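Participant: Residue numbers (the working numbering): 18 to 252.
Okay, here's the thing in structure tokens:
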């Protein structure tokens with residue numbers, strides 16, 4: 018258990034735990050979120066962690082009360098269930114739906130894939146949907162494919178290596194998630210894969226879906242296509 022930090026100027030140098038002290042170069046805080054919903058516990062239905070349960074119109078168990086953002090659960094397309102996914106992107110969409118549906122309800126939420134991205138030093142990283150670990154914990158009969166290729170043709174003056182991984186359901190062939198990492202910013206590919214998950218595309222469809230080719234940007238067979246092709250032989 019972490020007890021505290023030792024700071025020298027603007028640099029964390031040591032972490033103290035209940036067992037010993039460690040010298041460190043940096044600290045990554047992964048404390049997560051907790052819904053602040055104590056006010057509504059007696060009146061509205063919540064999940065075990067306290068998140069308010071809402072329907073596709075953002076209505077709580079009281080149809081006259083709406084909820085959005087980090088206090089509420091949201092529909093998660095990869096597993097087709099309600100989950101707690103506190104992201105700013107989910108919050109702004111949910112909030113917009115609340116505003117529209119107070120006079121409705123007339124606009125349903127399409128669900129989320131929990132798509133996110135981060136920049137760590139020179140590395141651009143993004144993900145969407147299920148990771149392999151989450152798919153395994155969920156008991157899904159899943160398959161994975163990892164492809165590594167340069168982002169542009171080798172005859173171009175510069176290019177960077179990229180690694181992309183997808184997770185899919187072996188039974189339905191439906192795409193469930195993916196991650197990508199590169200020193201080039203290829204994070205938007207996870208936005209594309211997010212749409213694929215939302216529309217329940219299969220790896221067979223991903224293999225041959227139409228993406229443009231221009232050597233300044235990519236290769237004739239893009240990384241997403243390559244991942245779909247590699248998955249064709251995994252049954």
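Cβ coordinates follow ideal geometry from the N, Cα and C atoms, glycine included. No experiment lies behind these values; they were computed from the predicted model shown.
Using the beta-carbon count (16 or more within 10 Å), is residue 237 buried or exposed?
Facilitator: Taking the chain shown and counting its residues from 1, the one referred to as residue 237 is at position 220. With fewer than 16 Cβ atoms within 10 Å of its Cβ, residue 237 is classed as exposed.
Participant: Can you find the residues in the same chain that come closer than 8 Å, C-beta to C-beta, to residue 122, ignoring five residues on each side of it along the sequence?
Facilitator: Mapped onto the chain shown, residue 122 falls at position 105. Answer for residue 122: 74, 76, listed in chain order.
Participant: Please check the pair residue 194 and residue 80, which I expect to be a contact at CB under 8 Å, by giving their CB distance rounded to whole angstroms.
Facilitator: In the chain shown, counting from the first residue as 1, residue 194 sits at position 177. In the chain shown, counting from the first residue as 1, residue 80 sits at position 63. Actually they do not touch by this definition, with Cβ atoms about 33 Å apart.
Participant: Could you name the residues that DSSP lists as bridge partners for residue 201?
Facilitator: For the purposes of this step, residue 201 is taken as the residue at position 184 of the chain shown. DSSP lists no partner for residue 201.
Participant: Classify residue 252 as buried or exposed, calling it buried when 16 or more other Cβ atoms lie within 10 Å of its own Cβ.
Facilitator: Within the chain shown, numbered from 1, the residue matching residue 252 stands at position 235. It counts as exposed.
Participant: Skipping 5 residues on each side, what residues in its chain have a beta carbon closer than 8 Å to that of residue 69?
Facilitator: Along the chain shown, read from residue 1 onward, the residue named residue 69 stands at position 52. If we look at residue 69 and ignore the five residues flanking it on each side, its Cβ neighbours are 52, 54, 57, 61, 62, 63, 77, 84, 88, 89, 90.
Participant: Mark residue 248 as exposed unless 16 or more other C-beta atoms lie within 10 angstroms of its C-beta, in which case mark it buried.
Facilitator: For the purposes of this step, residue 248 is taken as the residue at position 231 of the chain shown. That one is buried.
Participant: For residue 197, count the other beta carbons within 10 Å of its own beta carbon; 16 or more makes it buried, fewer makes it exposed. Which is it?
Facilitator: Taking the first residue of the chain shown as position 1, residue 197 is located at position 180. Classification of residue 197: buried, given that the 10 Å Cβ count is 16 or more.
Participant: Please return the same chain residues whose Cβ sits closer than 6 Å to the Cβ of residue 204, not counting the five positions on each side in sequence.
Facilitator: Walking along the chain shown from the start, residue 204 turns up at place 187. Excluding sequence neighbours, residue 204 sits near 134, 141, 143.
Participant: Does the pairing of the region 100 to 116 with the region 168 to 176 give three or more beta-carbon distances under 8 Å?
Facilitator: Contact fails: fewer than three Cβ-Cβ distances are below 8 Å.
Participant: Would you kindly work out how many angstroms separate the C-alpha atoms of residue 19 and residue 225, rounded to a whole number?
Facilitator: For the purposes of this step, residue 19 is taken as the residue at position 2 of the chain shown. For the purposes of this step, residue 225 is taken as the residue at position 208 of the chain shown. So the two alpha carbons sit approximately 49 Å from each other.
Participant: Find the nearest neighbour of residue 104 within the set 118, 117, 145, 97, judged by alpha-carbon distance.
Facilitator: As a working mapping, residue 104 is identified with position 87 in the chain shown. Comparing Cα positions, the closest option is 145.
Participant: Apply the 10 Å Cβ neighbour rule to residue 163 and answer buried if 16 or more other Cβ atoms are within range, or exposed otherwise.
Facilitator: Locating residue 163 in the chain shown gives position 146, where the first residue counts as 1. When all chains shown are included, residue 163 counts as exposed.
Participant: Can you tell which of 27, 92, 116, 35 has its C-alpha closest to the C-alpha of residue 215?
Facilitator: The residue you call residue 215 lines up with position 198 of the chain shown. For the residues 27, 92, 116, 35, the minimum Cα distance to residue 215 belongs to 92.
Participant: On the three-state DSSP scale, how would you describe residue 70?
Facilitator: Within the chain shown, residue 70 is the residue found at index 53, counting from 1. In the structure shown, residue 70 sits in coil (DSSP, three-state: anything other than H, G, I, E or B).
Participant: Could you tell me if residue 27 is buried or exposed, where buried requires 16 or more neighbouring beta carbons within 10 angstroms of its beta carbon?
Facilitator: Reading the chain shown from its first residue, position 10 is the one you call residue 27. Under this definition residue 27 is an exposed residue.
Participant: Answer yes or no: do residue 184 and residue 149 have a C-beta to C-beta separation smaller than 7 Å?
Facilitator: Mapped onto the chain shown, residue 184 falls at position 167. Mapped onto the chain shown, residue 149 falls at position 132. For residue 184 and residue 149, yes; Cβs fall inside 7 Å.
Participant: Go ahead and label residue 101 buried or exposed: buried means 16 or more other beta carbons lie within 10 angstroms of its beta carbon, across all protein chains shown.
Facilitator: Taking the chain shown and counting its residues from 1, the one referred to as residue 101 is at position 84. Counting Cβ neighbours within 10 Å, residue 101 comes out buried, since at least 16 surround it.
Participant: With a Cβ-Cβ cutoff of 7 Å, do residue 161 and residue 180 count as a contact?
Facilitator: Stepping through the chain shown from its first residue, residue 161 is reached at position 144. Stepping through the chain shown from its first residue, residue 180 is reached at position 163. No, the Cβ-Cβ distance between residue 161 and residue 180 is not below 7 Å.
Participant: From which residue to which residue does the beta strand (DSSP E) around residue 7 run?
Facilitator: Outside the modelled stretch of the chain, which goes from 18 to 252, sits residue 7, for which no answer is possible.
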